[in-house]
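Numbering (the numbering used here), first residue to last: 584 to 826.
Given below as structure tokens:
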């Protein structure tokens, strides 16, 4: 199996283990169980209208040195229309991104940046941040193809349900791994290209909102062709308000 061989190459979740003692669940059933049993329930996810949080990203070089630290504050309106504002300081310069539900605007020290490539990257950053934080709920609400790939053994020697996720007009492939006992979302594998992957491990979830949103995560860059793997980034989330 091609996916299995790739997992072995990157030392991820890797031998495909089907447990006869475990019931056969569809991808939708696994995600539903994750929402209901581990992440607060679908109704609780659909209640909030505003989400405000801090996200601290620490980037590392391939030799383990700190490359940069980025601390951002996100102010997201979830209903009736998704909008987002994010701001942070970068070398004493204030950076801001504003998505008004239709268009994205970028500002540096109060001046608007109109370069198309910068605006496009900023738009992807805002959408990507919400996509990542608002899981596993978005797996059931987004236009995505979700396929169960059975049970796999993760690097921490635990078993997880593997769900493969693809999106229209996107070459990126995601795998989501849910603990077979608790149904907690444990980690992701992301295929960026034929040879480059990211492995993101959820280390800790917050306990205040009832949703068990991300609190601490580690992202590893994995190059299948070179068989290399190193810590690329750590993420810390601080939920300031959810109402």
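In this text, a Cβ means the ideal position worked out from N, Cα and C, and glycines have one as well.
### Task
Specify, as a first and last residue, the run of the alpha helix (DSSP H) that residue 733 falls within.
Looking up residue 733 in the chain shown gives position 150. Segment 728–736 is the beta strand (DSSP E) holding residue 733; no alpha helix (DSSP H) there.
### Message
With the cut-off set at 7 Å, would you say residue 797 and residue 780 are in Cβ contact?
### Response
Walking along the chain shown from the start, residue 797 turns up at place 214. Walking along the chain shown from the start, residue 780 turns up at place 197. Cβ distance not < 7 Å, so residue 797 and residue 780 don't count as in contact.
### Task
Entirely within the stretch 741–811 and at least 3 residues each: give me those beta strand (DSSP E) ranges in chain order.
Complete beta strand (DSSP E) runs here, min 3: 742–749, 756–762, 768–774, 779–788, 797–806.
### Message
Looking at the strands, I want to know which residues DSSP matches up with residue 660.
### Response
As a first step, residue 660 must be located in the chain shown, where it is residue number 77. In the DSSP output, where bridge partners are listed per residue, residue 660 has 633, 666.
#### Entry: Whole-Å CB distance - residue 689 paired with residue 668, under 8 Å assumed
Reading the chain shown from its first residue, position 106 is the one you call residue 689. Reading the chain shown from its first residue, position 85 is the one you call residue 668. About 12 Å; that fails the 8 Å criterion.
#### Entry: Own chain, CB closer than 8 Å to residue 588, minus 5 neighbours either side, in chain order
The residue you call residue 588 lines up with position 5 of the chain shown. Here residue 588 scores only 43 on pLDDT, less than 50, and its place in the model should not be relied on; the value that follows carries that caveat. Hits under 8 Å: none found.
### Message
Taking contact to mean 3 or more Cβ pairs, one atom from each stretch, closer than 8 Å, check whether the stretch 800–819 and the stretch 642–659 are in contact.
### Response
Output reads yes: the stretch 642–659 touches the stretch 800–819.
### Extent of the continuous alpha helix (DSSP H) to which residue 625 belongs
For the purposes of this step, residue 625 is taken as the residue at position 42 of the chain shown. Residue 625 -> alpha helix (DSSP H) spans 625–628.
### Query
Quick one: Cα of residue 608 to Cα of residue 695, how far?
Looking up residue 608 in the chain shown gives position 25. Looking up residue 695 in the chain shown gives position 112. The straight-line gap from Cα to Cα measures roughly 49 Å.
### Query
Are at least three pairs of beta-carbons, each pair with one atom in the stretch 647–659 and one in the stretch 732–739, less than 8 Å apart?
Taking 8 Å as the limit for Cβ pairs, the verdict is that the stretch 732–739 does not touch the stretch 647–659.
### Task
Starting from residue 826, follow the beta strand (DSSP E) in both directions and report where the run begins and ends.
Indexing the chain shown from 1 puts residue 826 at position 243. Where residue 826 is concerned, there is no enclosing beta strand (DSSP E), because DSSP gives it neither an H nor an E.
### Through-space distance from residue 750 to residue 726, alpha-carbon basis
For the purposes of this step, residue 726 is taken as the residue at position 143 of the chain shown. For the purposes of this step, residue 750 is taken as the residue at position 167 of the chain shown. Counting only the Cα atoms, residue 750 lies some 7 Å from residue 726.
### Query
What separation, rounded to the nearest whole angstrom, lies between the Cα atoms of residue 691 and residue 791?
In the chain shown, the residue the question calls residue 691 occupies position 108. In the chain shown, the residue the question calls residue 791 occupies position 208. Rounded to whole angstroms, residue 691 and residue 791 show a C-alpha spacing of 34 Å.
### Message
What residue range does the beta strand (DSSP E) around residue 607 cover?
### Response
In the chain shown, counting from the first residue as 1, residue 607 sits at position 24. Premise fails: residue 607 is in no beta strand (DSSP E) and is neither H nor E.
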